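Chemist:
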Amino acid sequence: MNKNAKRIALGLATVSAGVMTYSGAGTIHADTVKAMTDTATTQANQDVEQASNVVKNRTKVANSQSNVTNKQQKVDASQSAVKDAQDKLDNTQKNTDVKTAQQIVKDAQSKQSDAQKDVDQAQTEEQAAQMNVNNSKTSLDQAQQAQADAQTKQEQAEANAQKATPENIQKTKDDIQKVNNKVASDTSDVQSAEQNYNSAKQAQNTAQTNNDKAQNELKNGQNQVADANNHVEQQSKAASDEKKAVSDTQASIKENQDKVQKAKTQEVQAQKNIDSTKSSISSTQNDQASKQSALNKAKVETNTANDSLNAAKNTEQAYQEQVDQTKAELQAQQANLAAHNTITLPKGLTNKVLDDLMAGKNVTLGQNLLAEGGKLNSAYKPNSFDKKNTFKSPSDMSFSQRMELTEFVADLLNQIRTQLGNAPIVISNGSIDFAHKVADRYQSDNWDLFKKNDHDVKGITDIAGSYGLNSKDQYYENLYADSWDSGMTNMDQAKAAAYDAVLSMMFYDKDSGYFHTVSIDGYDDLKIGNDPTFTKTYFGASIDNMGQIHFISVDNSKFIMQTGNTFDSKEVGNPNGDVATIKATIQTLNTKLEDQNTSLNDAIAEVNKAMDNLNAKKANEVAAQAALSNTEATLAQQKSLLNSYQNQLENAQKAENDATVNVQSYSNLLSIQQDKLSDTTANLEQLKTDLAQQQAKVQALQVTADKASNNLKQANKKLTESQKALTKSEQALSEAKANLAELQKQLNNYENAPELLNQAQSNLDRAKQVMKSKSDAFDSAKATLAASKHVLMIREMVLSNAKNVLATAKQDLATKLAAVKEAENDLAKAKDTLSQDQKKLAVAQTEYKTAQDNLTKARAVAQRFLAKHQNDAKSTSNQSNVVLHGGENKSNTVVTMPTVKTANTKSNHMSLSTAVSYHKDNATAMRVVGGFNQKNYVQLSSPKGSAKTVGQSANGLPKTDEDAANNNTLIGLGILGAVCATMFLVPRRKSTIR
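Reminder that position 677 of the sequence shown reads as 663 in this note's numbering, one-by-one numbering, no gaps.
1) Between which two residues does the beta strand (DSSP E) harbouring D468 extend?
2) Mapping DSSP to helix, strand and coil, what is A527?
3) Could you check the C-alpha separation between Q679 and T666 for me, to the nearest Å?
4) Checking 9 Å against the spacing of the C-beta atoms, do S384 and F377 come in under that value?
5) Which one or two residues does DSSP pair with S414 in a beta bridge?
6) Buried or exposed: D823, going by 16 or more other Cβ atoms within 10 Å of its Cβ?
7) Below 8 Å on the Cβ atoms is my guess for L489 versus N363; work out the distance and round it to an integer in Å.
8) Between the Cα of A423 and the Cα atoms of Q849, G334 and H536, which residue gives the shortest distance?
9) Would you identify the three-state DSSP class for M969, choosing helix, strand or coil?
10) Starting from the N-terminal side, write out each stretch of the alpha helix (DSSP H) that is 4 residues or longer and does not extend beyond the region 361 to 413.
11) Taking one C-beta from the region 731 to 750 and one from the region 195 to 203 each time, how about it: are there three or more such pairs within less than 8 Å?
12) Sort out for me which residues DSSP pairs N476 with in a bridge.
13) If you follow the beta strand (DSSP E) that H982 is part of, which residue opens it and which one closes it?
14) Please classify V984 as buried or exposed, where buried requires at least 16 neighbouring CB atoms within 10 angstroms.
15) Between V176 and the rest of its own chain, which residues show a CB-CB distance below 6 Å, the 5 nearest in sequence each way excluded?
16) E180 by DSSP, collapsed to three states: which one?
17) Could you check what DSSP says for Q755 in three-state terms: helix, strand or coil?
18) With a threshold of 16 other CB atoms inside 10 Å of the CB of H441, please say whether the residue is buried or exposed.
19) If you reduce the DSSP assignment to three classes, tell me which class G352 lands in.
20) Whose C-alpha, out of N415, A814, A711 and T110, is nearest the C-alpha of A527?
21) Does the distance from the C-beta atom of I568 to that of L316 stay below 9 Å?
22) Could you give the residue range of the alpha helix (DSSP H) that holds D431?
23) Use the C-beta contact count for E112: other C-beta atoms within 10 angstroms, 16 or more gives buried, fewer gives exposed.
24) Just tell me which of V689, P740 and K704 has its CA closest to the CA of K201.
25) Where do the N-terminal and C-terminal ends of the alpha helix (DSSP H) with D342 fall, by residue?
26) Between which two residues does the alpha helix (DSSP H) carrying D448 extend?
27) Taking the alpha carbon of T675 as the reference point, which residue from V339, A132, V218 and N282 has its own alpha carbon closest?
28) For K240, does the count of other Cβ atoms within 10 angstroms reach 16, so buried, or fall short, so exposed?
29) In this structure, does DSSP put I546 in helix, strand or coil?
30) Around the C-beta of Q781, are 16 or more other C-beta atoms found within 10 angstroms, so that it is buried, or is it exposed?
31) Pick from I529, N551 and D341: whose alpha carbon is nearest that of S505?
32) Specify, as a first and last residue, the run of the alpha helix (DSSP H) that K437 falls within.
33) When burial is assigned at 16 or more other CB atoms within 10 Å of the CB, is M477 buried or exposed?
34) Name the two residues that bound the continuous alpha helix (DSSP H) containing I506.
35) Secondary structure at H326, three-state DSSP: helix, strand or coil?
36) To the nearest angstrom, how far is it from the Cα of G207 to the Cα of A686?
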């Protein structure tokens, strides 16, 4: 794969200390600095005070001097303005720098274009080399299989040659004779079995014909019985109807006889009712008081039922709160289940698709499906519980945290494997320990994937060897790194990084040739499935403090698990995630909810029962009220009943007479109906006799049919047995013939063993030659691919540098173009200002000349007085008035300067020297050599003078009458600094390597 490289270009900040310069390179000026000894100064002052007429002239000199100084300043300012304008004009000549910058940009663009072409060509060559490697690998695999097949056949031929002894050849011939005899015997058995089968088939046909006939006769008899039964039923119905008519008439007679009796009874009853009604009126009045008492009792019972209802409702509310709480817990668990991270493969992504993709077939289909899978699973689902599960750094994870991380990744991988139909992985103490040690080794070796671009093979094989596992190469690790994954401190961050690692390896592994994809999805396991010792893979996951994620897989094959290994293969943990646990919790909550709902429903039933009871009591109360009302109404009714009962007595007497007449009429009709019923009953008995005869006949036919059916079953059974016997005989004959053919083939192999062995050896030699050729071609293809990748990496670095150079050149060009534009604007302004300043300079020069003339005249007046005292001071001391003016010696008079020395400095680059000469009006300047750093100052030896720190004026020295602005000691510091910092930051880097 190509690893992203982070390149940071750091500029160097350089500060250069320059030489302090004043009024010209390497000089410092002290305008009008005067040093005098105490004696000379005192004497001169006394002389000035004694000469009052001279004081006036001296004041004129000072005024003139000040006027001259002011004019000089104006001249200097004008000259400075002219010089500044000229400098701005000179800056416009820097257009040549812009042209140079433009050429640099053009050259940089050309170099970038050339570098891009080189990268494109290198990518094409790298892709071609990769395709050549894939094709060579396929050819090598085919050659390996061909060699293995040829080796097997050669070994078989060699074994055959060893067995091809005369004894074995003769034994084989004897065996052939025996088998020939058995073939003849089996052939005879087959013929006999065929005869038995044909006989059984004929017997079965006969039994089938007899059975069909008997069944038809039985069916016809059953139909005749059905017809006779219908006749009996019809006649029975007629007899039943006639019996009913007789019964009805008898009932009518009985009814009228009852009416006679009833009427007599009613007569007696009516009389009794008349008597009792009179008594009832009295008792009803007593009953009225009783009903009032019952109403009062019903009201009390209604209040009691209402209290019971309220208690039942309170119980229902308590159960409802329990149900609501359980529902909330259930919803929380369901939300937890919904937050579980899953990997869903797109429809159509199979082992076959991945196999084709690895082989360079149907590449577009495979890549599209993997891209779709990446989109389907792009969102990691964070978990608030995991965010609270913290650790100081990945290396400080506890065992339970490392187990949880391993279980999380194993769950994701097993989801993928299950959907593809591949074997799931398991977790063991050994695999977790292996992964943890690998992460620690990466840290101790400071092994950064982005720098190394490879596994820490030495570290991994050392750890594998410590377990007694195969340590010849790196067979265990899938490695992933992301530049954003460093600094994680909780389980949610760790799982998010691991989730990204799984997605990257599964769906975005094109740069690694999809080797991570087929490794984690279990497809590699299918390819080594022919190893009978390989049954499972132990998995462990870890993260080092650089954020690199390690997936460790240890197969339990004999190739990996070498004899005497100490790898702990005891399975631990749950490689299928916590979904089952969550679902179990949900099931428990559902069961709990069902129980609580049952209790709630019971409580609701109690509420309903209490409600029904209350309603019943209310109904009783209403009924009691109604009963009272009825009793009150009854009393009025009973009085009217007395008249009614008297009417009933009269009606009963009339009914008795009518019923007596009806009894006689119905008795005559009954005699006629009984005669008709006797005839119908005789006919019914005859029909029942006929039905019994038909039923007896059917029973005989049923016996015949059952016998025919049993015969058919026996015939079918014999036919099936003869068929099995025939099949068994034919199978024995076929096996004997096959055995005969095998013996004949063996005899041929024995008799031609030398020729067969030579042919097999020849084929094996050719297969080995082809194998060597394909292996050499594969090695060559891999070397070419590695070289192509290296060239591509170098050219990509060249391209990146070219882009950086181009960006810098464009920025420099933009800066210079802006400077040219600004300079052009300044030039226009400067030209206008120059014209005005030149006019001002001419005026200032004229004024200065006038002031200088006035000063000269004033000095002539005071010169005589000053000359005397200056000569006296010179003869008295070597240190006299020192006047430093303009740094220029205008006379040939040479005198001694005051001593100048270094007073305090923290710099190793400073030295001072005194001026070599001075004149009373003008003296040479002090020269300063070297640079200043931090605080530096100088001190003059004059008793009344000292120089202050850098940037301050020299005060305390005697001054002339010139303007104070010219008395400042000019101290300067030149600092040249260039700070350049260029930083190119590459965005987020990801890398996986297997």
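The beta-carbon is built from N, C-alpha and C at its ideal position, and this holds for glycine as well. Note that the structure is predicted; figures quoted are calculated from it, not measured.
Modeler: To lay it out plainly:
1) E463 to D468
2) strand
3) 21 Å
4) yes
5) E557
6) buried
7) 6 Å
8) The question names Ala, but residue 423 in the sequence shown is Lys. That would be H536, whose Cα lies nearest to the Cα of K423.
9) For M969, the predicted model reports a pLDDT of 34, less than 50, meaning its position is unreliable; a value from the coordinates is still stated below. Looking at M969 - three-state DSSP - the assignment turns out to be coil, as it is neither helix nor strand.
10) 370 to 374 and 385 to 406
11) no
12) T376
13) Only positions -13 to 980 of the chain appear in this structure, which leaves residue 982 out of reach.
14) Only positions -13 to 980 of the chain appear in the structure, and residue 984 is not among them; the question remains open.
15) S715, E716 and L719
16) helix
17) helix
18) buried
19) helix
20) N415
21) no
22) From DSSP, D431 is part of no alpha helix (DSSP H); its letter is neither H nor E.
23) buried
24) In the sequence as presented, Lys is not what sits at residue 201; that position holds Gln. Taking only the C-alpha atoms, the option nearest Q201 is V689.
25) N337 to M344
26) V443 to Y453
27) V218
28) exposed
29) coil
30) Checking the sequence shown, residue 781 turns out to be Arg, not Gln. Buried, by the Cβ-count rule.
31) D341
32) L435 to K438
33) buried
34) F501 to I506
35) coil
36) 10 Å
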